[in-house]
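To start, the structure itself, in structure tokens.
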Amino acid sequence: MADPTSTTGTAAATSTSILDDGRPHNDLIVHFNVIIWLLTGISGAILFVRGYCKITRQRGLWWDDWIMFAAWITILISSIFGSISTTMGFGKHTYDMDIDGPNHPKLLFIMTMTGFWSIWGAAWSKTSFAVTLLRLTKMSSIRWGIWFIIITVNVGLYVAAIFMWVQCDPPRKVWNPKIEGKCWDGNVIVAYNSWTAIWSGLADIVLAIIPWWVISRAAMNFKEQIGLLVCMSLGVFAGCTSIAKVITMKAITSDDMINTPPLNILGIAEAAVTIIAASVPVLRALVRPPNLSQVKSFSLSNPNSHASQPRSQTRREYENLDKSGDNSITTVKLTRLDRMHADEAQGSSPRAREYQTPREWGNISDFPGAARLPQS
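Under this note's numbering, the first residue of the sequence shown is numbered 1193, with each subsequent residue one higher.
Here you go:
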């Protein structure tokens, strides 16, 4: 009969030999799953509330909403693949994994799918926010700039997604390194993906700045402007997330797989943060409906008046704010009363004229309390 003490001693020796080999044996499995599902869950909840509020308030869903929903579906798929990969060892050090086992090619394939779908999520979420901005302005120069961002960011990210599958010949070698074939230099992929991450991040920042120019010219009080500017500028965080991916790109050529989870986390975070940043302003507008009472009537002193004519003044009253079905202001009827000097025999001479909303302003229904003033 075997001595139980010797068995215990053998097990202890084996455990000690593993822990005392001079290499770390930690893993990121729990951290990876918690973070990606928090990002996916929070962004999904905010997106759901956005759609629910629009439907219940009879605002309807537009292209930007559907594109954003598609973007969230892609990060949901990416998170599912990411969690599946952790059950096969993803998140551990390479030397703690069975890289010679039959499941290793499956793991590499699932890891590739995780990154692939997160790239699509980043592309579509940015496109959705850009499409929203297209609705808010009719100025040709800004619209051309937004279209340039949409096209270049999408092309750059789509090419990065394609490179994941065509970097090896045959393509199967991407997830099965043991088969015969050849692959591109990993530094080429790192360089290209780093460039797309930087450009994608800068595009987010530019898209976050555009509302500053738009909102700064809106007829609303200062506090309302600041609130909207903060909400519309949250895309800066998405840009920072994208640029931060450059630091983790080295995981593509790393021999240790534990360096890969941070890259996947940032890939999912980029799309999730963009979804949140693009949805918060819409939710704010839906929760706080426009209050036009503060701009229905006000007076401006006549800039051409002189001290010798103290009783002369010009009063402009914004009386009728016609609104279309989607609450966007389309016409402002401006009535101008010119009260002439008291000694003029004609008395007052009312003149009315009507201004259309300036062409550079588009659908402003997402801006609570905003009314466009005609340019002088």
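Using N, Cα and C, we set each Cβ at its ideal position, and we do this for glycine too. All values derive from a computational prediction rather than experimental measurement.
query = Name the DSSP beta bridge partners of F1282, please?
reply = K1284
message = Using the three-state DSSP reduction, which class does K1365 fall into: helix, strand or coil?
response = helix
query = Does the distance from the CB of V1472 to the CB of A1430 come in under 7 Å?
reply = no
request  = Could you say which of T1433, P1362, N1368 and G1243 lies nearest to I1397 if we only look at CA atoms?
outcome  = T1433
task = Starting from T1324, trace the alpha helix (DSSP H) both ways and give me its first and last residue.
result = H1296 to L1328
task = For W1316, count neighbouring C-beta atoms within 10 Å of its own C-beta (all shown protein chains included) and say buried if the count is 16 or more, exposed if not.
result = buried
ask   = When the Cα atoms are used, what is the spatial distance from I1276 to G1283?
value = 11 Å
ask   = Would P1453 be called buried (16 or more neighbouring beta carbons within 10 Å of its own) or exposed?
value = buried
request  = Put K1370 into one of helix, strand or coil per three-state DSSP.
outcome  = coil
task = Pair every Cβ in the segment 1307–1323 with every Cβ in the segment 1267–1274, then say whether three or more of these pairs are closer than 8 Å.
result = yes
Which of helix, strand or coil DSSP assigns to T1523 = Residue placement at T1523 is flagged as unreliable, the pLDDT there being 32, under the threshold of 50; a coordinate-derived value is accordingly withheld.
inquiry  = Nearest by alpha-carbon distance to F1355: which of P1294, V1323, I1238 and V1380 is it?
reply    = V1380
ask   = According to the Cβ coordinates, are I1467 and S1235 closer than 7 Å?
value = yes
inquiry  = I'd like to know whether the C-beta atoms of I1259 and S1320 end up nearer to each other than 7 Å.
reply    = yes
query = Who are the near neighbours of K1246 in its chain, counting only those whose CB is closer than 8 Å to its CB and skipping five residues on each side?
reply = G1252, L1253, D1257, V1474 and L1478
request  = Would you kindly work out how many angstroms separate the C-alpha atoms of W1177 and L1399, rounded to a whole number?
outcome  = Within the shown structure, residues of the chain are numbered from 1193 to 1568, placing residue 1177 beyond reach of any answer.
key: Same chain only: Cβ atoms within 6 Å of M1449, ignoring 5 sequence neighbours per side   = T1286
Identified DSSP bridge partners for C1245 = DSSP output for C1245 lists no bridge partner at all.
ask   = I1267 and T1232: beta carbons closer than 7 Å?
value = yes
key: Check whether I1390 and I1439 have beta carbons under 7 Å apart   = no
key: Close-in-space but distant-in-sequence residues of the same chain around L1349 (CB under 8 Å, 5 per side omitted)   = I1311, W1312, A1314, A1315, T1388 and S1392
request  = Excluding the 5 residues preceding and the 5 following T1324 in the sequence, name in chain order all residues of the same chain whose CB lies nearer than 6 Å to its CB.
outcome  = D1256
D1377 versus W1404, F1240, V1347 and K1442, residue with shortest Cα-Cα distance = K1442
key: Member of D1219, P1216 and W1229 whose CA lies at the smallest distance from the CA of L1458   = W1229
message = Can you tell me which residues form a DSSP beta bridge with C1360?
response = C1375
key: DSSP three-state assignment for N1218, whether helix, strand or coil   = coil
query = Mind checking E1462: buried by the 16 CB within 10 Å criterion, or exposed?
reply = buried
ask   = Per DSSP, what kind of secondary structure is W1254 in: helix, strand or coil?
value = coil
message = Please classify A1151 as buried or exposed, where buried requires at least 16 neighbouring CB atoms within 10 angstroms.
response = Nothing in the structure corresponds to residue 1151, since the chain is present only between 1193 and 1568.
ask   = Nearest to I1343 by alpha carbon, out of D1361, A1322, I1227 and D1288?
value = A1322
ask   = Can you name, in chain order, every residue of its own chain whose Cβ lies under 7 Å from the Cβ of C1375, other than the five neighbours on each side?
value = Q1359, C1360 and K1365
request  = Identify whether Y1547 lies in helix, strand or coil by the three-state DSSP scheme.
outcome  = Low per-residue confidence applies at Y1547: pLDDT is 35, beneath 50, and the placement is therefore not dependable enough to give any value.
ask   = Can you tell me the Cα-Cα spacing of V1422 and W1404, whole angstroms?
value = 9 Å
ask   = Among the residues of its own chain, which have a CB less than 7 Å from the CB of D1288, if the five just before and after it don't count?
value = H1217
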